[in-house]
Amino acid sequence: MLDRTGLILDIFAQRARTFEGKLQVELAQLKHLATRLVRGWTHLERQKGGIGLRGPGETQLETDRRLLGKRILTLNARLEKVLTQRETTRRERKRAEIPTVALVGYTNAGKSTLFNALTGSGAYVADKLFATLDPTLRRIELPDARYALLADTVGFVRDLPHELVAAFRSTLQEARESTLLLHVIDAADPNRAERIAQVNAVLDEVGAGEIPQIEIFNKADLVGEGPQVEYSEETGLARRIWLSARTGAGKELLIGALGALLGPQIVHRQIILGPDAGRARAKFYAAGAVLRESLNNDGVSELTVSMPRLAFERLCRAEGLTALLTEEGNGTAGAQMKQLDREACVA
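For the sequence shown, the working numbering assigns the number 118 to the initial residue and increments by one for each residue that follows.
This is the structure:
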């Protein structure tokens, strides 16, 4: 007979799709099973023969416990490799100052539907518990050709078992390391106030309780509410948005709110690089910042770039393009600048 944790783990095992997700589920199942060996497997506490079937050997329970421990060590080693790769990716994003927005919320609140609506991707969506287990990241377009990364995370539940918190640390790490949280709430759920408190409790448990968040009341159409934004009296920024991820109503309000919150970190520039600035051009491409490029017969490249301000300044200094950091510069190291819209841009 399954207990609550065992049932949740069984559902997780059916939902896991990626290699990492399957490792996490198996590790959580084995750790949960290890706590039940003493209570549930006492009928196996009988001696079996040692070498040549003479004398006392190890009990069946001891054998199972030893094999279980070996498998847990193996899974931990494999997961550490995956986590190291993810941590490397996170450090690169931090170095490039790319803002990350994480979707969090109670299971079945509509996070994956909103994720698809904002990114245009085809993440798996189903009206079932824990449809999403594996962390999924996609680029989201913001106003003025700016962008951020949006992360879809596992749904939370009341009293999330500690085995799951430990096993799914890589998924929850996306929430903990994000710039902003979008707390997706089922507006039609009669227990939504309780769900909000439960999600915030889990966020506190994983160390993400202090990260700024916007409450997204999804399925607003089911309760007769139209798209709307509620602003904070202290900051003047959005703190609550009502929308429908299924119909797309209110999506533009959320995009605008994200642009206002994340916009100051991004710069939009037009740059002209001479033939002797090839390395700088390559670095702009390596940073994923180039939106458009045109090349004339003299080998001069005109780039339109959008990237985090700190990353832009760091790249310019590293390549000696210091004039690109001011409005007055006429050019240096084969680069020039000019005005574009209201921003001081490089051309």
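For each residue, glycine too, the CB sits at the ideal point set by N, CA and C. Here the structure is a predicted model, which means the values were calculated and not measured.
Item	Value
Between the CA atoms of residue 419 and residue 374 - distance to the nearest angstrom	31 angstroms
Backbone CA spacing between residue 344 and residue 365 [nearest angstrom]	10 angstroms
Residue 363 - containing beta strand (DSSP E), residue span	Segment: none, residue 363 is in no beta strand (DSSP E) and carries neither H nor E.
Residue 104 to residue 204 span [Cα, whole Å]	No answer is possible for residue 104: it lies beyond the span of the chain, which begins at 118 and ends at 464.
For residue 299, three-class secondary structure by DSSP	strand
Short Cβ contact (8 angstroms threshold) for residue 325 with residue 298	yes
Residues of its chain near residue 398, where Cβ-Cβ distance is below 6 angstroms and the 5 sequence neighbours each way are ignored	390 and 418
Assigned exposure category for residue 271 - 16 Cβ within 10 Å defines buried	buried
Span separating the alpha-carbon of residue 368 from that of residue 435	39 angstroms
For residue 358, the first and last residue of its enclosing beta strand (DSSP E)	355 to 359
Buried or exposed (CB count within 10 angstroms, at least 16 for buried), residue 411	exposed
Residue 264, enclosing alpha helix (DSSP H) - first and last residue	Residue 264 -> not in any alpha helix (DSSP H); beta strand (DSSP E) instead, spanning 263 to 269.
Contact between the segment 213 to 222 and the segment 301 to 309 (3+ Cβ pairs under 8 angstroms)	yes
For residue 438, the three-state DSSP class (helix, strand or coil)	coil
Unbroken alpha helix (DSSP H) run spanning residue 471, endpoints	As displayed, the chain neither begins before 118 nor continues past 464, which places residue 471 out of reach and without an answer.
Local conformation of residue 350 per DSSP, three classes	coil
Assigned secondary structure, residue 219 (DSSP; H/G/I helix, E/B strand, else coil)	strand
Three-way DSSP call (helix, strand, coil) for residue 384 in this model	strand
Where residue 189 sits in the DSSP three-state scheme	helix
Alpha helix (DSSP H) segment containing residue 372, residue limits	368 to 379
One or two residues paired with residue 184 in a DSSP bridge	Beta-bridge pairing links residue 184 to no other residue.
Endpoints, the alpha helix (DSSP H) within which residue 231 is located	228 to 236
Residue-chain proximity (residue 199, chain D), Cβ-Cβ < 8 angstroms	The chain labelled as chain D is not found in the depicted structure, where only one protein chain is given.
Counted within 10 angstroms of its Cβ, other Cβ atoms place residue 269 as buried (16 or more) or exposed	buried
For residue 334, the residue or residues it bridges with in DSSP	302 and 359
Continuous alpha helix (DSSP H) stretch holding residue 403: start and end	395 to 403
For residue 407, the first and last residue of its enclosing beta strand (DSSP E)	407 to 412
Contact check, residue 408 vs residue 421, beta carbons under 8 angstroms	yes
Spatial distance of residue 292 from residue 321 (CA atoms)	11 angstroms
Inter-residue Cα distance where the pair is residue 360 and residue 388	38 angstroms
Option in 290, 257 and 180 with minimal Cα separation from residue 200	290
Same chain, Cβ closer than 7 angstroms to residue 370, five either side skipped, listed in chain order	344, 346, 358 and 360
Range covered by the beta strand (DSSP E) that runs through residue 254	253 to 259
For residue 131 and residue 334, the rounded distance between their alpha carbons	29 angstroms
Buried/exposed call for residue 202, threshold 16 Cβ in 10 Å	exposed
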